[in-house]
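Peer 1:
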Amino acid sequence: MNKTSPSSWSDFSVGSKLTLIPIFFLFILGVVLYSAVTTSKEQQGNIEIVEKVGRQRMLQQRHFATALLVIQKKSTLENLQYIRKAWLDGQKALTYGGPILVRMNRPETFEIKPAPSAYLRELLQNQTQLINQSIQEIDKLLATSIDAPEYAELLSSLLRYEEQIQDLGMEIARGFTQHMEGEVDELVKTQIAVAVGAGLLSFLFSWSIARSITTPLQRVVFSADSIATGNLRIEKMAVGRRDEIGKLGSAFNNMLDNLRELSSQILKVTGNINSAAAEILASTQQQASSTKEQAATVQEISATMQEISQSGNEITEKAKQVAASAEATSAAGESGLNAVKTTSRLMESVRQQVEDVAVKIVALSERTQAIGEIVSTVNEIAEQSNLLALNASIEAASAGEQGSRFAVVAGEMRNLAQRAKESTVQVGTILGEIQRGINGTVMMTEEAVKRSDSGKQQAEITEQTIHQMTRTTVESVHAFQQIIGSTSQQQIGFDQVTQGMRDIRQATEQTAVGTSQLEQALSNLNELSLELRTAVSRYQI
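Written as structure tokens, this is what we have:
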């Protein structure tokens with residue numbers, strides 16, 4: 001991120017920049033007003049000068065008239081000197097600049113500038129010479145008697161001077177008027193140029209401020225539209241300012257980083273969920289296969305136990321027949337011996353099959369525990385997905401209206417994560433039921449092994465008894481009585497083994513049902529993971 005100095009224009013807030021617009025307009029208006037006031041004052045001075053030029057003509061006429069009145073003794077010489085002095089002072093001020101009376105018979109004066117052009121200055125100098133010559137003629141006229149012969153000639157000469165002074169006065173008045181009109185034209189042009197320049201500066205200043213605000217906002221809007229369409233590969237905004245626009249750019253860049261990281265994490269999590277679901281599904285299918293094999297084994301054991309039970313019934317019947325008839329003891333004993341051997345082999349087979357069932361049940365228990373661990377891992381992944389979705393909702397809320405679309409996606413992600421968690425809880429419950437069924441099956445299998453050992457021992461006793469029966473008839477009767485008792489106990493053992501096999505079969509069926517439910521739950525979990533991955537995959541990182 002670029003750093004700027006504290007005095008940089010971009011560090012001013014948007015409110016400060018907008019406040020500067022009316023301030024700048026007021027400044028420009030002040031400049032225009034100042035220019036107008038200055039122009040007005042200059043025009044006022046020019047008007048005063050033109051008015052004083054006209055007053056000089058009036059003073060000329062008063063000076064001539066007063067001189068005539070002095071000759072006629074109708075005015076005083078002091079009055080003539082006062083008018084003459086005012087006339088000459090005004091002429092000097094108009095020519096070279098300086099103080100001039102504001103009004104006659106008043107002491108107030110004001111400064112005027114020298115003649116604005118060499119032409120006017122030359123006219124004023126010529127007029128001053130004529131005025132001096134006219135004053136000399138008046139002084140001569142005042143010193144001459146009205147009855148003197150040269151009086152008329154002096155008066156005629158004075159009138160010529162007065163006429164020339166008046167003509168130059170009119171020329172000077174026209175010169176000052178033309179000069180003032182020229183200055184007015186220049187001032188009007190200047191005012192127009194100032195107004196146009198002020199308007200142009202105001203427009204450029206307002207345009208630059210508006211552009212400094214709207215240009216980065218347009219970039220933010222463009223980037224937000226790109227994110228809304230799923231494009232997270234856009235470049236970050238260049239932040240080189242510390243106003244509200246810069247803060248918005250920084251927040252937008254942070255949101256973009258968080259969205260990229262969140263999308264990457266979600267893709268990784270969904271990949272892990274898919275892998276875990278595939279492993280669990282494979283284990284479940286293997287468990288289902290083992291359950292089917294176990295069911296087939298239990299079925300075989302049940303059929304074998306039925307055969308053993310039938311054999312026990314035959315042994316009991318034969319023993320009763322031997323007890324009833326001592327002559328048939330030898331033949332019955334031989335038959336009993338064969339039956340006992342068969343029983344022993346069957347019992348050994350039963351024992352071996354039960355041990356095989358026990359080994360498979362133990363392996364099934366271990367696989368069930370492994371599935372439980374995998375389900376626990378999936379549960380943790382679902383919780384992490386829920387947290388990530390919550391963080392995404394918070395980040396989208398902080399982005400305001402621009403992040404509302406992603407907030408919906410984040411909500412859907414959170415719902416999917418919650419459903420995944422509920423599925424893992426359901427799977428865990430089913431696995432617990434399966435584990436309890438397996439534990440019961442193991443106990444029953446151990447009991448069946450014990451019963452098989454007991455049956456085998458009973459078969460060995462029966463075999464010994466039959467051997468003794470062949471030696472002696474008396475002992476045969478007693479031995480067959482023992483055989484009857486032993487076979488009765490054996491029948492009870494067979495019934496118990498048969499009942500155990502039924503319980504094992506029932507537990508196996510429950511395990512198969514649980515495995516089917518687990519497989520369905522894993523399928524749902526896989527579908528949820530795919531939906532979550534599809535929802536996130538439209539955002540290009």
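Oh and the sequence shown: position 452 is 452 in the UniProt record's numbering, straight run, nothing missing.
All residues carry an ideal CB built from backbone N, CA and C; glycine is no exception.
All values reported here derive from a predicted model rather than from experimental measurement.
(1) Using DSSP's beta-bridge definition, name the partner residues of residue 109.
(2) So does the segment 429-438 actually touch the segment 503-516, counting three or more Cβ pairs closer than 8 Å?
(3) Can you check which of these residues, 448, 271, 99, 427, is closest to residue 369 by C-alpha distance?
(4) Could you name each continuous alpha helix (DSSP H) segment of 4 residues or more that falls completely within the segment 391-452, going from the start of the chain to the end?
(5) Going by beta carbon distance, what residues of the same chain come within less than 8 Å of residue 281, once the five residues before and after it are set aside?
(6) Beta-carbon within less than 6 Å of residue 198's beta-carbon, same chain only, minus the 5 sequence neighbours each way: which residues are those?
(7) Please report the straight-line C-alpha distance between residue 156 and residue 165, rounded to a whole angstrom.
(8) To the nearest angstrom, report how far apart residue 392 and residue 412 are at their CA atoms.
(9) When we look at the beta-carbon of residue 169 and count the other beta-carbons within 10 Å, is it buried (16 or more) or exposed?
(10) If you reduce the DSSP assignment to three classes, tell me which class residue 242 lands in.
(11) Whose C-alpha, out of 372, 141, 247, 296, is nearest the C-alpha of residue 216?
(12) Quick test of the definition: if touching needs 3 or more C-beta pairs under 8 Å, does the segment 123-142 touch the segment 185-195?
(13) Taking buried to mean at least 16 other C-beta atoms within 10 Å of its own C-beta, is residue 546 buried or exposed?
(14) Taking only three categories from DSSP, how would you classify residue 189?
(15) By the three-class DSSP mapping on this structure, what secondary structure does residue 3 have?
(16) Of all the alpha helix (DSSP H) runs that stay within the bounds of the segment 147-212, which reach a length of 4 or more residues?
(17) For residue 553, count the other beta carbons within 10 Å of its own beta carbon; 16 or more makes it buried, fewer makes it exposed. Which is it?
(18) On a CA-only basis, which of 478, 354, 534, 179 is nearest residue 448? Give me that one, please.
(19) Going straight from the alpha carbon of residue 89 to that of residue 202, what length do you get?
(20) Put residue 72 into one of helix, strand or coil per three-state DSSP.
(21) Please state whether DSSP places residue 343 in a helix, a strand or coil.
(22) Taking only the alpha-carbon atoms, compute the straight-line gap between residue 3 and residue 416 and give it to the nearest angstrom.
(23) Around the Cβ of residue 534, are there at least 16 other Cβ atoms within 10 angstroms (buried) or fewer (exposed)?
(24) Label residue 243 either buried or exposed according to how many other C-beta atoms from any shown protein chain fall within 10 Å of its C-beta, with 16 as the threshold for buried.
(25) Return the chain-ordered list of same chain residues with a C-beta closer than 8 Å to the C-beta of residue 602, the five sequence neighbours on each side being excluded.
(26) Which value, in whole angstroms, describes the spacing of the CA atoms of residue 49 and residue 118?
(27) Quick one: grab the DSSP three-state call for residue 22.
(28) Less than 8 Å between C-beta atoms, sequence neighbours within five positions excluded: which residues of the same chain meet that for residue 110?
(29) Within 10 Å of its beta-carbon, does residue 229 have 16 or more other beta-carbons around it, so buried, or fewer, so exposed?
(30) Between residue 287 and residue 515, how many whole angstroms is the CB-CB distance? I'm expecting something under 8 Å.
(31) What is the rounded straight-line gap between the Cα of residue 532 and the Cα of residue 254?
(32) Just to confirm, is the Cβ distance from residue 154 to residue 141 under 7 Å?
(33) Can you tell me which of the three DSSP states residue 270 falls into?
(34) On the criterion of 16 or more Cβ atoms from any shown chain inside 10 Å, does residue 34 qualify as buried, or is it exposed?
(35) Less than 7 Å between the beta carbons of residue 265 and residue 388, yes or no?
(36) Quick one: using the 10 Å Cβ neighbour count with 16 as the cut-off for buried, is residue 503 buried or exposed?
Peer 2: The short version:
(1) 101
(2) yes
(3) 427
(4) none
(5) 519, 522, 523, 526
(6) 28, 32
(7) 14 Å
(8) 11 Å
(9) buried
(10) coil
(11) 247
(12) no
(13) There is simply no residue 546 to check, as the chain begins at 1 and stops at 541 in what is shown.
(14) helix
(15) Low local confidence applies: a pLDDT of 41 at residue 3 is under 50, so the model's placement there is unreliable, and no value is given.
(16) none
(17) Here the chain has residues from 1 to 541 only, and residue 553 is not among them.
(18) 354
(19) 49 Å
(20) coil
(21) helix
(22) Residue confidence for residue 3 is low, a pLDDT of 41 falling below 50, so the modelled location carries little weight; the figure read from the coordinates is stated next. Rounded to whole angstroms, residue 3 to residue 416 spans 43 Å at the Cα level.
(23) exposed
(24) buried
(25) Nothing about residue 602 can be read from this structure; the chain reaches only from 1 to 541.
(26) 16 Å
(27) helix
(28) 48, 99, 100, 102
(29) exposed
(30) 5 Å
(31) 24 Å
(32) yes
(33) helix
(34) exposed
(35) yes
(36) buried
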